[in-house]
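> Numbering-wise, full-length UniProt numbering puts 324 at position 324 of the sequence shown, and it's gapless, one number per residue. Every residue gets a Cβ at the ideal spot worked out from N, C-alpha and C, and that includes glycine. Predicted model only: the values in this text are computed from it and were never measured. I am attaching a structure below and will ask some questions about it afterwards.
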Amino acid sequence: MRIVLPVHHFPPRYVAGAELYTYRLAKWLQAHGHEVEVIAIEDIESGSATKVAAVHDHYHGVPVWRLSFNLLKAPRRQLWEFDNPLLGEWFTHYFQRQRPDLAHFQAGYLIGVAPIFAAHQARVPIVLTLHDYWYLCPQHTLQRSDGRLCAAPPQDPLECARCRLWNRHPYHHLERWPKVRALAAKFPWPADGELMALRRQRAQAALDCVAQVIALSHFMASLFAEHVDAERLVLCRPGIDIERFQKRPERGVGPVLRFGYVGQVAAHKGVHLLIEAFQSLQERGRQLELHIWGGGNPAYIALLKQKAARDPRIVFHGRFAHERLPEILSTLDYVAVPSVWYENSPLAILEAYAAHVPVISADQGGMAELVNHGQDGLQFRIGDAGDLARALQRIVDEPELTVRLQQGVRMRSVRTEEEEMYQLLSIYETARAIAMTEPCKLDDSCSVKRSDN
Numbered sequence: 001m002r003i004v005l006p007v008h009h010f011p012p013r014y015v016a017g018a019e020l021y022t023y024r025l026a027k028w029l030q031a032h033g034h035e036v037e038v039i040a041i042e043d044i045e046s047g048s049a050t051k052v053a054a055v056h057d058h059y060h061g062v063p064v065w066r067l068s069f070n071l072l073k074a075p076r077r078q079l080w081e082f083d084n085p086l087l088g089e090w091f092t093h094y095f096q097r098q099r100p101d102l103a104h105f106q107a108g109y110l111i112g113v114a115p116i117f118a119a120h121q122a123r124v125p126i127v128l129t130l131h132d133y134w135y136l137c138p139q140h141t142l143q144r145s146d147g148r149l150c151a152a153p154p155q156d157p158l159e160c161a162r163c164r165l166w167n168r169h170p171y172h173h174l175e176r177w178p179k180v181r182a183l184a185a186k187f188p189w190p191a192d193g194e195l196m197a198l199r200r201q202r203a204q205a206a207l208d209c210v211a212q213v214i215a216l217s218h219f220m221a222s223l224f225a226e227h228v229d230a231e232r233l234v235l236c237r238p239g240i241d242i243e244r245f246q247k248r249p250e251r252g253v254g255p256v257l258r259f260g261y262v263g264q265v266a267a268h269k270g271v272h273l274l275i276e277a278f279q280s281l282q283e284r285g286r287q288l289e290l291h292i293w294g295g296g297n298p299a300y301i302a303l304l305k306q307k308a309a310r311d312p313r314i315v316f317h318g319r320f321a322h323e324r325l326p327e328i329l330s331t332l333d334y335v336a337v338p339s340v341w342y343e344n345s346p347l348a349i350l351e352a353y354a355a356h357v358p359v360i361s362a363d364q365g366g367m368a369e370l371v372n373h374g375q376d377g378l379q380f381r382i383g384d385a386g387d388l389a390r391a392l393q394r395i396v397d398e399p400e401l402t403v404r405l406q407q408g409v410r411m412r413s414v415r416t417e418e419e420e421m422y423q424l425l426s427i428y429e430t431a432r433a434i435a436m437t438e439p440c441k442l443d444d445s446c447s448v449k450r451s452d453n
């Protein structure tokens with residue numbers, strides 16, 4: 001098959017979960033005889049606001065179209081954040097020219113709905129993997145600006161407008177005046193509510209165009225069950241190349257207890273909670289270390305380093321080549337996943353288990369599905385640094401707990417990459433069969449060329 005993989009970002013500049021998932025998928029498909037091309041957004045802060053600049057290159061043998069445009073100067077930026085006519089036009093020409101057998105979209109961030117409409121109008125079968133909650137939440141995370149989590153999208157789009165209001169940089173200074181904040185939050189601009197309602201309508205229209213929607217966790221599937229027909233919504237958990245993680249020696253229980261964080265360093269990943277919890281621990285005669293591996297938001301990382309400046313036990317290693325991951329995991333006793341949002345199906349957990357390293361994770365979303373409390377890891381209340389500290393302190397106080405959890409990890413099964421990929425091929429065939437029989441579902445309001453853009 002000729003398969004195109006649109007994704008918001010792609011290595012080497014970007015190396016978070018969805019990017020690595022897409023790269024791994026592309027390499028596997030190539031190795032099994034399929035023709036693959038990735039389309040990724042490279043830059044949204046420079047260049048033209050009226051035209052897409054496209055550069056074609058290769059990353060480790062994977063053909064990549066890298067698209068750039070200036071979203072910051074777009075005439076209707078808030079609309080274009082989810083429905084960008086420039087991308088709609090570019091993808092329309094691409095599908096007309098290339099005629100791929102299938103398009104497998106990765107989430108919706110930056111890509112938006114217009115490329116899905118373009119694929120559907122070109123009669124290209126569409127598969128969509130949900131890496132986050134972009135199709136339900138403008139913040140992608142179902143996390144409000146005050147840190148609270150939404151159990152589901154609010155019924156009233158005005159609630160989303162209020163949340164968005166406090167995530168726009170010009171309004172951040174209002175935090176200093178609570179009464180002004182309360183008044184502004186109570187009365188968002190009417191146009192904001194209308195925009196959020198339009199976003200919901202277009203996101204649902206895009207979902208209706210997708211032949212197979214892939215959820216990576218039961219939690220994700222349950223949230224989308226009201227928005228996607230049961231026959232089009234499928235669970236497909238990520239798999240891991242297990243052999244590359246099990247070639248290195250495993251750690252036993254030694255004098256040094258090493259906790260680690262491995263992945264994107266960003267506020268929604270909760271690394272600040274981990275540092276706060278770690279710094280509150282009583283050592284009980286044991287030598288404790290916290291190793292933070294990964295890059296991310298420079299301002300956030302600077303804040304973390306300032307917080308940890310006087311604690312030599314906390315080491316920031318920065319970005320690393322993904323090929324080093326097995327080596328890194330072999331140096332850790334525990335991997336922490338302290339995310340403050342409903343993580344989907346974190347690769348950090350699956351990779352740690354493949355390396356036989358116990359995991360400490362928050363107790364919500366896809367994280368809770370993967371970590372069996374007291375068997376192969378520990379859970380703590382999401383967003384609660386105190387409860388995380390209690391879990392870490394228990395590990396310090398009970399050396400036998402580490403032995404038991406390590407045994408539990410060795411006994412659990414981890415889905416292989418081969419199992420995942422062969423399920424994906426089956427999903428692709430189902431999508432192609434559905435696309436051959438279904439009529440176009442778009443009306444004029446959701447066509448690629450619209451007057452409101």
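Between Tyr59, Val64 and Leu130, which has its C-alpha nearest glycine 17's C-alpha?
Nearest C-alpha to glycine 17: Leu130.
> If you run the structure through DSSP and keep just helix, strand and coil, what is phenylalanine 380?
Reduced to three states, the DSSP call for phenylalanine 380 is strand.
> Less than 8 Å between C-beta atoms, sequence neighbours within five positions excluded: which residues of the same chain meet that for lysine 441?
For lysine 441, where only same-chain residues beyond five positions count, the Cβ hits under 8 Å are His120, Ala205, Asp208 and Cys209.
> Report the rounded CA-to-CA distance for alanine 221 versus proline 255, giving the unit in angstroms.
Their backbone Cα atoms lie some 43 Å apart in a straight line.
> Distance check for glutamate 45 and methionine 1, CA to CA, integer angstroms please.
35 Å
> Determine the contact status of leucine 350 and arginine 244, defining contact as a CB-CB distance below 9 Å.
no
> Does DSSP put arginine 176 in a helix, a strand or coil?
Confidence in arginine 176 is poor, its pLDDT being 46 and thus under 50, which makes the residue's placement too unreliable to answer from.
> Going by the DSSP bridge assignment, what does tryptophan 65 pair with across the sheet?
Ile39 and His56
> CA-CA distance, valine 15 and lysine 307?
25 Å
> On the CB-based measure, 16 or more other CB atoms within 10 Å of its CB, does leucine 5 come out buried or exposed?
buried
> What separation, rounded to the nearest whole angstrom, lies between the Cα atoms of glycine 112 and glutamine 96?
19 Å
> So, arginine 286 versus leucine 257, is the Cβ gap smaller than 9 Å?
yes
> Within 10 Å of its beta-carbon, does leucine 72 have 16 or more other beta-carbons around it, so buried, or fewer, so exposed?
exposed
> What does DSSP give as the partner residues of isoleucine 292 in its beta bridges?
Under DSSP, isoleucine 292 takes part in a beta bridge, and its partners are Tyr261 and Phe316.
> Taking all protein chains shown into account, do 16 or more other C-beta atoms lie within 10 angstroms of the C-beta of serine 217, making it buried, or fewer, making it exposed?
Here serine 217 is buried: its Cβ has 16 or more other Cβ atoms, across all protein chains shown, within 10 Å.
> How would you label glycine 108, buried or exposed, when you count the other beta carbons within 10 angstroms and need 16 or more for buried?
buried
> With a threshold of 8 Å (Cβ to nearest heavy atom), would lysine 27 be considered close to the ligand SAM?
In the structure shown, the ligand SAM is absent, as is every other ligand, since no ligand is present at all.
> Just the Cα atoms here: how many angstroms apart are tyrosine 300 and alanine 266?
Between the alpha carbons of tyrosine 300 and alanine 266 lies a gap of roughly 6 Å.
> Serine 361 bridges to which residues according to DSSP?
Val337 and Gln379
> For valine 340, does the count of other Cβ atoms within 10 angstroms reach 16, so buried, or fall short, so exposed?
buried
> So, glutamate 420 versus glycine 239, is the Cβ gap smaller than 9 Å?
yes
> Am I right that leucine 425 and leucine 274 are in contact with their C-beta atoms under 8 Å? What's the rounded C-beta distance?
Their Cβ separation, rounded to whole angstroms, is 38 Å, which puts leucine 425 and leucine 274 out of contact at 8 Å.
> Going by beta carbon distance, what residues of the same chain come within less than 6 Å of glutamate 400, once the five residues before and after it are set aside?
none
> How would you call histidine 104, buried or exposed, if buried means at least 16 neighbouring beta carbons within 10 angstroms?
buried
> I need the DSSP call for glutamine 287, collapsed to helix, strand or coil.
strand
> Is the CB-CB distance between phenylalanine 219 and tyrosine 21 below 9 Å?
no
> Starting from threonine 92 and walking both ways along the alpha helix (DSSP H), at which residues does that stretch end?
Going by DSSP, threonine 92 is part of the alpha helix (DSSP H) stretching over 85-98.
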